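Enquirer: Residue numbers (the working numbering): 473 to 718.
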Amino acid sequence: MAGLASDGSNPDVGLLYDINGLAGSTPSWFDHAMAFTGEYGILIALVLLVLGCWWSVRRRGAAEDSVAAVAGIVWAPLAAGVALLVNIPIRGFVERPRPFLDHQGLDVLVPGKSDYSFVSDHATLAMAVAAALFVAHRRYGLAAIGLALAEGFCRVYLGVHYPTDVIGGLALGTAVALLLAPVALALLTPLVAAVARSGRLGGLVRSRRADDGRRAQGPAVVPEQAPLPAPGTGAGADPDENGLAA
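Here it is, written out as structure tokens:
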């Protein structure tokens with residue numbers, strides 16, 4: 473299995489040289505910036521995006537919308553952890569060496585990589601967070617997916633992964649986040665609801681200002697035969713919140 477991309481005529485290798493070859497025509501400061509971005513920067517941006525999504529959903533919509541969305545947000549880092557654990561046996565089974573060990577002329581911008589190449593941990597983690605966040609909130613999820621794709625490009629640009637390593641990581645992260653989401657949310661939603669009812673920790677799920685504002689508007693008037701809106705679709709709810717999180 474280690475010879476997945478050993479042939480120089482392989483499109484995987486050709487695309488690797490095309491993307492990594494861009495590093496040879498860029499200033500050194502740009503390569504340093506790409507190295508930081510690919511190793512840490514995009515992951516930091518994903519953390520900030522998750523926090524921004526949490527800050528937003530706890531201040532908008534009804535209380536049940538906040539509970540459902542926060543449960544989805546909590547699932548995002550958990551999905552990333554599960555995906556990385558799933559990747560451990562995959563790496564051990566495939567045993568694909570890093571591309572710079574088998575191919576000459578690559579500009580390796582991040583030295584010290586000695587573990588196996590398939591699949592990319594960075595791509596797996598980034599897409600698991602992005603897919604799980606998309607379940608909770610479409611707008612923030614789409615932004616996170618864009619960051620995950622950028623992460624995949626950076627890993628090939630840095631010369632530490634084949635393109636198929638990245639594609640495998642994106643697929644693995646997506647599969648874990650989406651396939652396990654129903655079970656994860658079924659377990660997390662009651663837990664988050666209990667936290668929301670807590671006097672001390674309730675603010676982590678639902679902003680007190682949001683509740684005060686809704687109470688100041690008075691109780692909602694519901695026509696006799698009008699059905700109650702589903703979570704995420706009520707008055708004041710964020711239209712970008714995904715119903716899958718409910």
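Yeah, the Cβ is synthetic: ideal placement off N, Cα and C, and Gly gets one too.
Keep in mind that this is a model prediction, so the values were computed, not measured.
Contact check, residue 601 vs residue 549 under 8 angstroms by CB: the rounded distance?
Expert: With 8 angstroms as the limit, residue 601 and residue 549 qualify as a contact, their Cβ atoms being about 7 angstroms apart.
Enquirer: Do residue 667 and residue 551 have their C-beta atoms within less than 9 angstroms of each other?
Expert: No, the pair does not count as a contact, with Cβ atoms beyond the cut-off.
Enquirer: Please state whether the Cβ-Cβ distance between residue 720 and residue 627 is less than 9 angstroms.
Expert: With the chain covering only 473 through 718, there is no way to say anything about residue 720.
Enquirer: Please classify residue 575: does DSSP put it in a helix, a strand, or coil?
Expert: In this structure, residue 575 counts as coil in the three-state DSSP scheme.
Enquirer: Looking only at its chain, what residues have a beta carbon closer than 7 angstroms to the beta carbon of residue 570, apart from the 5 residues adjacent to it on each side?
Expert: The residues are 585, 589 and 632.
Enquirer: Helix, strand or coil for residue 633 per DSSP?
Expert: Residue 633: coil per DSSP, three-state reduction.
Enquirer: With respect to 8 angstroms, is the separation between the Cβ of residue 672 and the closest non-hydrogen atom of the ligand PLP below this value?
Expert: Among the ligands in the structure shown, none appear at all, so the ligand PLP cannot be discussed.
Enquirer: On the three-state DSSP scale, how would you describe residue 498?
Expert: DSSP places residue 498 in coil when its eight states are reduced to three.
Enquirer: Going by C-alpha distance, which of 603, 534 and 644 is nearest residue 547?
Expert: When each option's Cα is compared against that of residue 547, the closest is 603.
Enquirer: In three-state DSSP terms, what is residue 489?
Expert: Residue 489: helix per DSSP, three-state reduction.
Enquirer: How big is the Cα-Cα spacing for residue 637 and residue 671?
Expert: Cα-Cα distance, rounded: 47 angstroms.
Enquirer: Please identify the residue among 517, 554, 560 and 501 whose C-alpha is closest to the C-alpha of residue 719.
Expert: No statement about residue 719 is possible, as the shown extent of the chain runs from 473 to 718 and does not include it.
Enquirer: Where does the unbroken alpha helix (DSSP H) through residue 558 begin, and where does it stop?
Expert: Segment 535 to 566, the alpha helix (DSSP H) holding residue 558.
Enquirer: Measuring straight from C-alpha to C-alpha, what distance separates residue 629 and residue 487?
Expert: If I take the Cα positions, the gap works out to 10 angstroms.
Enquirer: Measure the Cβ-Cβ separation of residue 545 and residue 614 and say whether it is below 9 angstroms.
Expert: Cβ atoms of residue 545 and residue 614: not closer than 9 angstroms.
Enquirer: Let's see if you can read the secondary structure: which residues bound the alpha helix (DSSP H) around residue 670?
Expert: Premise fails: residue 670 is in no alpha helix (DSSP H) and is neither H nor E.
Enquirer: Please report the distance separating the alpha-carbon of residue 578 from that of residue 587.
Expert: Taking the straight line joining both Cα atoms gives about 17 angstroms.
Enquirer: Just to confirm, is the Cβ distance from residue 669 to residue 530 under 9 angstroms?
Expert: Result no, Cβ atoms of residue 669 and residue 530 do not sit closer than 9 angstroms.
Enquirer: Judging by CA-CA distance, which residue of 523, 507, 662 and 657 is the nearest neighbour of residue 580?
Expert: When each option's Cα is compared against that of residue 580, the closest is 507.
Enquirer: To the nearest angstrom, report how far apart residue 509 and residue 516 are at their CA atoms.
Expert: Each residue's alpha carbon lies about 9 angstroms from the other.
Enquirer: If you drop the 5 nearest sequence neighbours on each side, which residues of the same chain put their C-beta closer than 8 angstroms to that of residue 491?
Expert: Contacts found: 625, 628, 629 and 635.
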